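S.K.:
Residue numbers (the numbering used here): 15 to 349.
(1) Can you grab the Cα-Cα spacing for the pair residue 38 / residue 241, in whole Å?
(2) Hey, out of 275, 151 and 114, whose CA is closest to residue 313's CA?
(3) Would you please verify whether the beta carbon of residue 131 is less than 7 Å from any beta carbon of chain C?
(4) Leaving out five residues on either side along the sequence, give the residues of the same chain with a beta carbon under 6 Å from the beta carbon of residue 324.
(5) Give me whichever residues DSSP pairs with residue 252 in a beta bridge.
(6) Could you spell out the range, first to last residue, of the beta strand (DSSP E) harbouring residue 62?
(7) Can you round the beta-carbon distance between residue 124 and residue 170 to whole angstroms, since I take them to be within the 8 Å contact cut?
(8) With burial defined as no fewer than 16 other Cβ atoms inside 10 Å of the residue's Cβ, what is the status of residue 99: buried or exposed?
(9) Measuring alpha carbon to alpha carbon, tell me which of 122, 198 and 104 ends up nearest residue 292.
(10) Short of 6 Å in beta carbon distance, which residues of its chain neighbour residue 264, apart from the five on each side in sequence? Order them along the chain.
(11) Assign residue 135 to one of two classes, buried (16 or more other C-beta atoms within 10 Å of its C-beta) or exposed (fewer than that).
(12) What's the C-alpha gap between residue 215 and residue 129?
(13) Out of curiosity, what's the CA-to-CA distance linking residue 11 and residue 212?
(14) Going by alpha carbons, who is nearest to residue 327 out of 249, 87 and 343?
(15) Does residue 208 come out as helix, strand or coil in the three-state DSSP assignment?
(16) Suppose you measure from the CA of residue 317 to the CA of residue 126; what does that come to, to the nearest Å?
(17) May I ask which residues mark the beginning and end of the alpha helix (DSSP H) holding residue 323?
(18) With distances taken between CB atoms, is the gap from residue 96 to residue 145 smaller than 7 Å?
(19) Where do the ends of the beta strand (DSSP E) carrying residue 91 lie?
(20) Please list the segments of the alpha helix (DSSP H) lying wholly inside the region 123–178, counting only runs of 4 or more residues, in order along the chain.
(21) Kindly list the residues whose CB is nearer than 7 Å to the CB of residue 334, restricted to its own chain and excluding five residues on each side of it in sequence; keep chain order.
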């Protein structure tokens, strides 16, 4: 089966797989494995602030971790125009983080951030995406630390896809999976893989797939393009298909095609990585009940035991996962 499954699929996965098996991701100046074995009874006293930053939005919350369970409280969010100068961006981000922190001292801040980034040093490498250009080459870690009056060592940056899967693995839909894939389905395709104690950004959005790359078929643009080409209908995204006023026969065909496509895409990776599960997030995953039956039906032909779950934590997953470096460090010190 595996010979047929991967024949002709020039997925370029060897480098990623070798890297994730061979080393831990580097955070806060040290190698930090994902620790599900770190659970302890009793309260851990940490003032953790989880932050999720995107191109035009920031959310932040206090993350409570008791050694077994994690939850977010005091949630704040805001839209941020990141086309402005660096000082204005840092000021707006800091304001939201301060609200989440309240009057707490000795805070530790975990930040989920899209790439490209020098994550250990918190340096932005984003320059060609139309947003955050003024931060290119700057240590956002140092700028935030200065604005918030804390040490740079109290801030850790994590890739946003890694943070999503870390949060779900720690406290959500992926907590029982030893090996798993996390996909965020939205405007773009975010992806991360977890192999035992290691979580790494998989960058599957660029993986060769059919006549293009994976993101061509697994993001909002596919729905927009398919509906226009096949039915002559204009939509902005999946939300339009869920409207009672939308032709549900057409919606069903579109979701069936998407579900089968997702199944085909997952089949390339799940057996090879020996995954027990897949965790789906992002706005498209909110329509999972419409397309997942087709995904599961497609995968049944491979007779491989795989669980596909929708995010339990939603926007909170990245906030919790971004704090993992500090949770891991504390748990390691208590071992």
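Note that the Cβ used here is the ideal one computed from N, Cα and C, for glycine as well.
Treat the numbers as computed from the prediction; the structure is a model and nothing was measured.
M.R.: In short:
(1) Locating residue 38 in the chain shown gives position 24, counting from the first residue. Locating residue 241 in the chain shown gives position 227, counting from the first residue. Confidence in residue 38 is poor, its pLDDT being 32 and thus under 50, which makes the residue's placement unreliable; the coordinate value appears in the next sentence. For residue 38 and residue 241, the distance between alpha carbons rounds to 42 Å.
(2) Start at 1 with the first residue of the chain shown, and residue 313 comes out as number 299. Of the candidates 275, 151 and 114, the one whose C-alpha sits nearest the C-alpha of residue 313 is 275.
(3) The structure shown contains no chain C, having only a single protein chain.
(4) Your numbering for residue 324 matches position 310 in the chain shown. So the qualifying residues of the chain are 294, 299 and 302.
(5) Counted from its first residue, the chain shown places residue 252 at position 238. According to DSSP, residue 252 bridges with nothing at all.
(6) One-based indexing of the chain shown puts residue 62 at position 48. Bounds of the beta strand (DSSP E) holding residue 62 are 62–67.
(7) To locate residue 124, count along the chain shown from 1; it is residue 110. To locate residue 170, count along the chain shown from 1; it is residue 156. Sure, about 5 Å apart at Cβ, within 8 Å.
(8) As a position in the chain shown, residue 99 is number 85, starting the count at 1. Exposed.
(9) For the purposes of this step, residue 292 is taken as residue 278 along the chain shown, with counting starting at 1. The shortest Cα separation from residue 292 among 122, 198 and 104 belongs to 198.
(10) As a working mapping, residue 264 is identified with position 250 in the chain shown. Non-local beta-carbon contacts of residue 264 in its own chain, meaning distances under 6 Å to residues more than five positions away in sequence, involve 245 in chain order.
(11) What you label residue 135 is simply residue 121 of the chain shown in a count that begins at 1. Residue 135 is exposed by the Cβ-count criterion.
(12) Translated into the one-based positions of the chain shown, residue 215 becomes position 201. Translated into the one-based positions of the chain shown, residue 129 becomes position 115. Distance between the alpha carbons of residue 215 and residue 129 is about 10 Å.
(13) Residue 11 lies beyond the stretch modelled for the chain, which goes from 15 to 349, so this question has no answer here.
(14) Position 313 of the chain shown, counted from the start, is the residue given in the question as residue 327. Comparing Cα positions, the closest option is 87.
(15) As a position in the chain shown, residue 208 is number 194, starting the count at 1. The answer is strand: DSSP assigns residue 208 an E or B state.
(16) Start at 1 with the first residue of the chain shown, and residue 317 comes out as number 303. Start at 1 with the first residue of the chain shown, and residue 126 comes out as number 112. Cα to Cα, residue 317 sits roughly 36 Å from residue 126.
(17) For the purposes of this step, residue 323 is identified with residue 309 of the chain shown, where counting begins at 1. First-last for residue 323: 321–324, but that is the beta strand (DSSP E), not the alpha helix (DSSP H).
(18) Against the chain shown, residue 96 aligns to sequence position 82. Against the chain shown, residue 145 aligns to sequence position 131. Yes, the pair counts as a contact, with Cβ atoms nearer than the cut-off.
(19) Looking up residue 91 in the chain shown gives position 77. Here the beta strand (DSSP E) through residue 91 covers 84–93.
(20) 154–162
(21) Within the chain shown, numbered from 1, the residue matching residue 334 stands at position 320. Excluding residues within five positions, the ones whose Cβ falls inside 7 Å are 64, 77, 84, 86, 181, 184, 185 and 327.
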